[in-house]
Amino acid sequence: MTRTLRCWRLALAAAAVSMAFAAQADNPAQVTPEVLARGLQNPWGLAFIGDGRMVVTERPGRMRVVEADGRVGPALKGLPDIDAVGQGGLLDVVADRDFPSNRTLHFCYSEPGAGGNSTAMASARLSDDATQLEGLRVVFSQKPKVGSRLHFGCRIVQAGDGSLFLTLGDRFTRMQDAQTLDNHHGKVVRVQADGKAHPDNPFNARAGALPEVWTLGHRNIQGAAIGPDGVLWTIEHGPQGGDELNRLEAGRNYGWPVITYGENYGGGRIGDGSTSRAGLEQPVQYWVPSIAPSGLAFLGSDRYGPAWKGNLFTGSLKFRHLVRLRLDGGRVVEQERLLADVSERVRDVREGPDGLLYVLTDDRDGRLIRLVPR
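Heads up: the sequence shown begins at 1 in my numbering, then just goes up one per residue.
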């Protein structure tokens, strides 16, 4: 594809995204943002632990319990060593599907070690008095470690069988690694609760491949959720343009950095500038310019009316709002900006046990906000 043609395609894509949002400008969502908690330093992940309480991670390396009345508790004790540099730190957290009976939390973070750092995932029991983590086990550690402050990925999704999906960034300087199976850079991995590779992983029997790998060809996934179709969906950062929403299938290659709808920072094509190639998957949706997405949640309830049920929600760090995506037949057919008046970087979005949406804003004085239907 020539440089001129590629520029025209990117310009048309940008116009299409702008029109998709513009079409919703006269149809504001009937929700009110209710601030539940303030004073969270760069919150990143959110998990519900019952009785209206939540666990929130702060990127500098703290985990706190937020009470039902919004009181923010002290930092929990018992966390591992965390390399809180650049985009790294304490990142995602999910409550185990058997919480509260086992009181287990799964969380991921940037782990220091020989050669630099990498994304790791650990599991631990939240103590009965909710003041510390007990029995900490590191169940996965990305290989190899590198000296980088960027692209940790680090969203966790638990499958129905209890196994764990973890998204892993390409570490920025190692983007070519996303196309090879002898490392964990630019991958989604799937492990069992004890950290062993899932027996159904697609590359278990391939010589030279790391058995934890489930999909490859990713840049920096910062949102993941299992949809109503039972399939893992992810949303990832492109470079300058080319953010992607993908519906993942085991063993598939999602293209980075061989194909992309983005460009190098400051301009210039990546690789040969291709946006498609045989054997590489196309995204369900891409954004030019980038919205810098983070967090991903399907809404299963009808608390906001039937029109929102089954819709997908993601945060926009760049444009400081929440994005609602309506799907039809696996395609995005409508996009709407929410919380534009809040004007804060949205880092995470989750559906709570009450069927309402909760978001975290990424700031030194970050907030936990609940969307209340009017």
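No residue lacks a Cβ here, since even glycine has one placed at the ideal position from N, Cα and C.
Would you decide whether Y265 is buried or exposed? Buried here means 16 or more other CB atoms lie within 10 Å of its CB.
Counting Cβ neighbours within 10 Å, Y265 comes out exposed, since fewer than 16 surround it.
Which class does A178 belong to by DSSP, given the choice of helix, strand or coil?
Helix.
Looking only at DSSP bridge pairs, what is L108 linked to?
First, the amino acid is wrong: residue 108 is Cys here, not Leu. DSSP, once it has assigned bridges, lists M121 as partnering C108.
To the nearest angstrom, how far is it from the Cα of Q30 to the Cα of S316?
About 20 angstroms.
Does DSSP put Y261 in a helix, a strand or coil?
Three-state DSSP puts Y261 in coil, outside helix and strand.
In the structure shown, what three-state DSSP assignment does D243 receive?
Strand.
In the DSSP assignment, the beta strand (DSSP E) including V359 goes from what residue to what residue?
Counting along the chain, the beta strand (DSSP E) containing V359 begins and ends at 357–361.
Using CA atoms only, rank isn't needed, just tell me which of R38, R53, G39, N42 is closest to G352.
Answer by Cα proximity: R53.
Comparing C-alpha positions only, which one of G262, D362, G50 sits nearest to D98?
Nearest option by C-alpha distance: G50.
Can you tell me where the beta strand (DSSP E) holding Y286 begins and where it ends?
First-last of the beta strand (DSSP E) with Y286: 285–287.
Quick test of the definition: if touching needs 3 or more C-beta pairs under 8 angstroms, does the region 310–327 touch the region 272–281?
No contact exists between the region 310–327 and the region 272–281.
Sort R247, A224, F298, V258 by Cα distance to Q285 and report the nearest one.
It is R247.
Name the two residues that bound the continuous beta strand (DSSP E) containing P43.
Note, P43: beta strand (DSSP E), 43–50.
Any idea if N27 is buried or exposed, counting beta-carbon neighbours within 10 angstroms, 16 or more meaning buried?
Confidence is the limiting factor: at N27 the pLDDT is only 42, short of 50, which leaves the residue's position unreliable, though a coordinate-based value still follows. Exposed is the call here.
Measure the C-alpha to C-alpha separation of A250 and H218 and round it to an integer number of angstroms.
Their Cα atoms are separated by approximately 13 angstroms.
Just verifying my parser: in three-state terms, what is the DSSP assignment at D26?
Because D26 carries a pLDDT of 36, less than 50, the predicted location of this residue cannot be relied on, and the following value inherits that uncertainty. The answer is coil: DSSP assigns D26 none of H, G, I, E or B.
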